[in-house]
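Colleague:
2 protein chains.
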Amino acid sequence: MAAWSERLAGVRGVLLDISGVLLDGGKDGGVPIPGSVEALARLKRSQLKVRFCTNESQVSRKDLVGLLRHMGFDISEGEVTSPAPAACLVLKERGLRPHLLVSDGVRSEFHRIDTSKPNCVVIADAGESFSYQNVNKAFQVLMELENPVLISLGKGRYYKQTSGLMLDVGAYMKALEYACGIEAQVVGKPAPEFFQSALREMGLEAHEAIMIGDDIVGDVGGAQSCGMRAVQVRTGKFRAEHLARGRAATWGCF
Amino acid sequence: MAAWSERLAGVRGVLLDISGVLLDGGKDGGVPIPGSVEALARLKRSQLKVRFCTNESQVSRKDLVGLLRHMGFDISEGEVTSPAPAACLVLKERGLRPHLLVSDGVRSEFHRIDTSKPNCVVIADAGESFSYQNVNKAFQVLMELENPVLISLGKGRYYKQTSGLMLDVGAYMKALEYACGIEAQVVGKPAPEFFQSALREMGLEAHEAIMIGDDIVGDVGGAQSCGMRAVQVRTGKFRAEHLARGRAATWGCF
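Chains F and B, in that order, are what the protein sequence lines are. All residue numbers for the first sequence refer to this note's numbering, where the first residue is 46 and numbers rise by one. All residue numbers for the second sequence refer to this note's numbering, where the first residue is 46 and numbers rise by one.
1. Please report the distance separating the alpha-carbon of residue 292 of chain F from that of residue 177 of chain B.
2. Could you spell out the range, first to last residue, of the beta strand (DSSP E) harbouring residue 254 of chain F?
3. Using CA atoms only, rank isn't needed, just tell me which of B/144, B/56 and B/151 is closest to residue 164 of chain B.
4. Quick check on the burial criterion: 16 or more other C-beta atoms within 10 angstroms. Buried or exposed for residue 54 of chain F?
5. How big is the Cα-Cα spacing for residue 139 of chain F and residue 244 of chain F?
6. Counting Cβ pairs, one atom from each stretch, are 3 or more of them under 8 Å apart for the segment 273–288 of chain F and the segment 47–65 of chain B?
7. In three-state terms, what does DSSP make of residue 212 of chain F?
8. Taking Cβ-Cβ distances shorter than 7 Å, what residues in chain F pair up with residue 100 of chain B?
9. At 3 residues or longer, and completely inside the segment 118–165 of chain F: list those beta strand (DSSP E) runs for me, N to C.
10. Residues in the segment 180–192 of chain B with C-beta within 7 Å of chain F's C-beta atoms, listed in sequence order?
11. Under 8 Å, Cβ to Cβ, is there at least one residue of chain B near residue 173 of chain F?
12. According to the Cβ coordinates, are residue 239 of chain F and residue 131 of chain F closer than 8 Å?
13. Measure from the C-beta of residue 211 of chain B to each C-beta in chain F and report whether the shortest distance is under 8 Å.
14. Give the straight-line distance between the Cα atoms of residue 266 of chain B and residue 73 of chain B, rounded to the nearest whole angstrom.
15. If you draw a straight line from the C-alpha of residue 104 of chain F to the C-alpha of residue 150 of chain F, how long is it?
16. Is residue 175 of chain B helix, strand or coil when you go by DSSP?
17. Under 8 Å, do residue 124 of chain B and residue 107 of chain B count as touching if we go by C-beta distance?
18. Would the segment 211–220 of chain B and the segment 172–192 of chain F be scored as touching if the rule is three or more Cβ pairs under 8 Å?
19. Do you know how far the Cα of residue 262 of chain F is from the Cα of residue 202 of chain F?
20. Distance check for residue 205 of chain F and residue 199 of chain F, CA to CA, integer angstroms please.
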């Protein structure tokens with residue numbers, strides 16, 4: 046294994062995942078992961094550029110940042126790349142009017158989007174709003190369309206909350222893909238466009254940045270396939286037994 | 046195209062799907078499909094053996110038969126092959142204790158099954174019981190198991206009710222498969238063992254029987270891959286535009 050200094054050579058910026066890296070979500074917003082407030086403060090004092098790259102799609106960017114600031118994190122809205130605003134750009138560019146299968150907490154992100162006569166479905170991590178009725182309604186909308194378009198804010202399998210592991214949007218994306226015989230378009234990690242937009246905001250090239258996350262596919266794999274370096278933390282959804290079972294393909298590789 | 050008499054040569058028995066063939070489900074149990082009560086009566090008066098082969102897993106076999114008899118169908122419990130009793134046999138044979146992700150209506154089928162300390166999950170068409178909380182609980186049970194076993198009662202994409210198309214168990218099976226990184230074991234159509242058990246009950250060989258259903262994969266494809274003949278009806282979930290769109294691979298082929 047190369048020394049850290051060697052592996053980090055040329056790195057000028059850090060992209061940080063939020064859930065599982067800075068905090069574990071849960072009741073009343075969850076709890077900070079021990080040491081993460083201080084680690085972020087240290088990063089911010091360094092020469093490195095810092096940006097947050099999250100697939101959080103259950104609450105708005107504003108509410109997420111408010112929660113993090115309340116926990117003591119040094120973060121502002123302009124530093125966060127999240128999938129709902131990215132999806133709004135895609136919807137506008139393509140003239141799409143979504144039926145929203147999302148939680149109430151993120152609905153405000155779409156307030157400038159025309160949702161009349163939907164010609165696509167946008168699915169986010171809707172949590173408790175993934176009732177049979179709501180998922181079935183999205184399915185019916187898709188089945189009525191000549192060319193069904195499903196846009197998914199991330200495709201995570203699950204995430205960790207203080208109460209345990211929770212199904213993420215990817216599971217419900219797969220359910221709709223199968224039922225409708227279609228393939229979703231993912232906005233968010235691991236889509237390359239998503240990482241690239243974060244890099245543009247930082248003014249960095251891919252080889253100058255490192256992604257830090259707890260998801261081997263969404264964070265590590267996604268960043269690497271864009272030419273970035275990446276590291277997987279051992280917090281959040283990380284489970285040591287996955288290494289032994291061979292479920293995780295790799296760990297924290299550069 | 047060969048004449049019907051030629052295509053039916055040697056057929057001694059008919060396997061009938063129920064939902065979409067005899068009735069469209071819905072409020073208060075749904076409504077019979079026009080002509081189906083009479084068609085079944087005619088079949089029963091013929092020389093042909095008749096059996097029902099259904100993936101219905103939202104209500105017990107007893108309640109299903111009660112509903113059909115109330116609608117005027119000539120049917121008895123002993124004539125029905127359905128997935129919940131078949132799953133109970135599998136569970137007993139393999140010493141599996143299921144966590145049940147099923148509707149209350151079918152729970153009675155499992156009353157002789159030990160459900161303490163679950164070492165597998167059984168998923169059925171749970172309808173409204175597919176709440177986020179219930180699906181997530183099944184996910185958590187699977188993630189706690191060393192060797193997660195998921196048994197799915199059918200893998201249908203959707204079915205038709207009087208109120209519209211409804212997501213079937215297959216969609217939720219896919220969600221759990223993706224979230225857990227596993228593959229479900231299907232009990233019910235199109236599993237060959239399921240058709241074979243129905244044929245055994247009829248005392249027929251596969252080439253002597255014909256399956257009639259509305260699902261091109263579960264009914265037609267499943268029966269054909271067992272060596273049976275099969276026909277797809279144009280009722281239930283059948284949608285003519287799928288032929289034009291090329292979604293249905295074939296139609297009513299022998």
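Heads up, the beta-carbon is just placed ideally off N, CA and C, and yes, glycines get one too. Given the structure is predicted, the values throughout are model-derived calculations rather than measurements.
Modeller: In this structure, then:
1. Low local confidence applies: a pLDDT of 40 at residue 292 of chain F is under 50, so the model's placement there is unreliable, with the coordinate-based value given in what follows. Note on geometry: alpha-carbon atoms of residue 292 of chain F and residue 177 of chain B lie some 25 Å from one another.
2. Counting along the chain, the beta strand (DSSP E) containing residue 254 of chain F begins and ends at 254–258.
3. Closest by alpha carbon: B/144.
4. Around the beta-carbon of residue 54 of chain F, fewer than 16 other beta-carbon atoms lie within 10 Å, marking it exposed.
5. Distance between the alpha carbons of residue 139 of chain F and residue 244 of chain F: 23 Å.
6. They do not touch, by the three-pair rule.
7. Looking at residue 212 of chain F - three-state DSSP - the assignment turns out to be strand.
8. The contact set of residue 100 of chain B on chain F, defined by CB atoms closer than 7 Å, is empty, because the minimum CB distance reaches about 15 Å.
9. The qualifying runs are 143–146.
10. With the criterion set as a beta carbon lying under 7 Å from some beta carbon of chain F, the members of the segment 180–192 of chain B are 180, 181, 184, 185 and 188, in sequence order.
11. So yes, residue 173 of chain F belongs to the interface.
12. The criterion of a C-beta distance shorter than 8 Å is satisfied by residue 239 of chain F and residue 131 of chain F.
13. At least one chain F Cβ lies under 8 Å of residue 211 of chain B.
14. Computed Cα separation, rounded: 31 Å.
15. About 4 Å.
16. Residue state, collapsed to three classes: coil.
17. No.
18. By the Cβ criterion, the segment 211–220 of chain B is in contact with the segment 172–192 of chain F, since at least three pairs of Cβ atoms, one from each stretch, lie closer than 8 Å.
19. In this structure, the alpha-carbon of residue 202 of chain F lies about 10 Å from that of residue 262 of chain F.
20. Residue 199 of chain F and residue 205 of chain F: Cα-Cα distance of roughly 16 Å.
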